[in-house]
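Residue numbering for the sequence shown follows this note's numbering, starting at 583 and increasing by one per position.
All C-beta atoms, glycine included, are put in the ideal place defined by N, C-alpha and C.
None of the values given here were measured: they were computed from a predicted structure.
Structure record follows, encoded as structure tokens.
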Amino acid sequence: MRGQRTRVARASALALGIAIGAGLAGCARAGPPVSRVAAATPGLAVPLSTSLPSTGATWAVVPVAARSGQFWELLVERAGSSRWSLVTPPGVADNGGLVVSPRGGHSLVAGFRPSEDMVFSPLAATTDAGVTWSPGLLDASLANVPDALAATPDGRLLALLRGGEAKLSVPGGTRWTTLASARYAALLARYGERARVVAQACPGLVERVEQGMWDEAGTLTLVRRYVEPLVAAGADQIVLGCTHYPFLRNAIETVAGPAVEVLETGPAVAAELQRRLTVAGSLATGCTGGVGFLTSGDPASSLPVLMRLWGETVVLDAWERRG
Numbered sequence: 583m584r585g586q587r588t589r590v591a592r593a594s595a596l597a598l599g600i601a602i603g604a605g606l607a608g609c610a611r612a613g614p615p616v617s618r619v620a621a622a623t624p625g626l627a628v629p630l631s632t633s634l635p636s637t638g639a640t641w642a643v644v645p646v647a648a649r650s651g652q653f654w655e656l657l658v659e660r661a662g663s664s665r666w667s668l669v670t671p672p673g674v675a676d677n678g679g680l681v682v683s684p685r686g687g688h689s690l691v692a693g694f695r696p697s698e699d700m701v702f703s704p705l706a707a708t709t710d711a712g713v714t715w716s717p718g719l720l721d722a723s724l725a726n727v728p729d730a731l732a733a734t735p736d737g738r739l740l741a742l743l744r745g746g747e748a749k750l751s752v753p754g755g756t757r758w759t760t761l762a763s764a765r766y767a768a769l770l771a772r773y774g775e776r777a778r779v780v781a782q783a784c785p786g787l788v789e790r791v792e793q794g795m796w797d798e799a800g801t802l803t804l805v806r807r808y809v810e811p812l813v814a815a816g817a818d819q820i821v822l823g824c825t826h827y828p829f830l831r832n833a834i835e836t837v838a839g840p841a842v843e844v845l846e847t848g849p850a851v852a853a854e855l856q857r858r859l860t861v862a863g864s865l866a867t868g869c870t871g872g873v874g875f876l877t878s879g880d881p882a883s884s885l886p887v888l889m890r891l892w893g894e895t896v897v898l899d900a901w902e903r904r905g
């Protein structure tokens, strides 16, 4: 943890970080060749060190060695300035590494690769060249490459995860949709030989469901955008590969037409769970189960939508991350 380092180690590390950052920034524009930096600091040639120029600033991510172990710092050279400033987002351990993506001007998004006991990647965003930061969260681990995080002009984020999975966020990075994963590719390779599979990511539909907007015209417009290409490609079955999509089944069937079969995965998953519990001798019999609801968001704001989805009065509690 950065807060555990001594003041002496911090001061010497900071001086080293500024020297390396200036050299790395030169790699992205006219300046000293990379070989000079590598020769001066051969022990710090690691993958995540990088420099990124944008319209309002140049950013540099540098590794720093200290007695407590290696950590990372973020520096910025603002347009019109000849000095580098230390602007590493505060409050999160960065021993695992920093991944950054500029958004133009003085804006940048930084992602922390997990370290210590973390299994997810905190995010931080700035619009004033690192003077202030706003927090965010990617509930997964960023890949160990400099360009594992990218920002689109409209504020969405694209993240490459450690296991090869790709996720796309809504503007602001508050909610994420899976675009591709190694597991999905493996399933296609194993079971896709007998059928032609056309994949379609559907950014925005999850948010529509969770906001109770599944009957609105804007939702139908999104459904048309995603379903019509599948029908045009000759799909005769559409598999709803997300637990949110069954709530949009009417809209999906309307757009797909009567010749296309819409399949939900919930019954198949439940049947497979029952089979596995039976094989393991763990299936309970002669008793009645219950249903509980937890949310990682705000229960008060989520409850009205949940009751509409579930169709009856329920109790919704806050879910707290452990560990």
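- Taking the Cβ atoms as the reference, I820 lies roughly 29 angstroms from L859, outside the contact range of under 8 angstroms.
- DSSP, read as helix, strand or coil, puts P635 in strand.
- A852 and V658 have their alpha carbons spaced roughly 52 angstroms apart.
- Within the segment 649-680, the runs of beta strand (DSSP E) at least 3 residues long that lie entirely inside it are, in chain order, 653-660.
- The Cβ atoms of T714 and S689 do not sit closer than 8 angstroms to each other.
- Under DSSP, G754 shares a beta bridge with no residue.
- Rounded to whole angstroms, the separation of the alpha carbons of V861 and A647 is 53 angstroms.
- The DSSP-derived three-state label of G693 is strand.
- For G686, the secondary structure class from DSSP, reduced to helix, strand or coil, is strand.
- Around the CB of E854, fewer than 16 other CB atoms lie within 10 Å, so the residue is classed as exposed.
- DSSP lists L705 as the bridge partner or partners of G718.
- With the rule of 3 Cβ pairs closer than 8 angstroms, the segment 892-902 counts as touching the segment 868-883.
- Cβ contact annotation for L761 (same chain, cutoff 7 angstroms, sequence separation greater than five): A748, K749, L750, A783, in chain order.
- When secondary structure is reduced to three states using DSSP, E846 falls in the strand class.
- Beta-bridge annotation (DSSP): T759 is paired with L750.
- Distance from the Cα of V644 is smallest, within the candidate group G651, P635, E655, G638, for E655.
- When C-beta atoms of the segment 810-818 are compared with those of the segment 834-850, three or more pairs fall below 8 angstroms, so the two segments count as touching.
- Bounds of the beta strand (DSSP E) holding A733 are 731-733.
- Here Q856 carries a helix assignment [DSSP, helix/strand/coil].
- Nearest to T637 by C-alpha distance, out of G673, S683, T670, is S683.
- A distance of 8 angstroms or more separates the beta carbons of A725 and L740.
- As computed with DSSP, T877 is found in a beta bridge with A900.
- Non-local C-beta neighbours of P671 in its own chain, meaning closer than 6 angstroms and more than five positions away in sequence, comprise A692, A706, W715, ordered along the chain.
- Counting along the chain, the unbroken alpha helix (DSSP H) around V791 starts and ends at 787-792.
- Residue state for A799 is assigned as helix, using DSSP reduced to three classes.
- Here A642 is bridged, per DSSP, to S633, L657.
- Rounded to whole angstroms, W641 and R757 show a C-alpha spacing of 26 angstroms.
- Each residue's CA atom was taken as its position, placing V791 and R778 some 29 angstroms apart.
- Nearest C-alpha to D729 among R660, S633, P828: S633.
- For L769, the number of other beta carbons within 10 angstroms of its own is below 16, and it is reported as exposed.
- When the Cα atoms are used, A838 and G868 turn out to be separated by approximately 42 angstroms.
- Annotated three-state conformation of V779 is coil, per DSSP.
- Rounded to whole angstroms, the separation of the alpha carbons of N677 and Q652 is 6 angstroms.
- The shortest C-alpha to C-alpha distance from A833 to any of T801, G871, L885, A732 is the one to T801.
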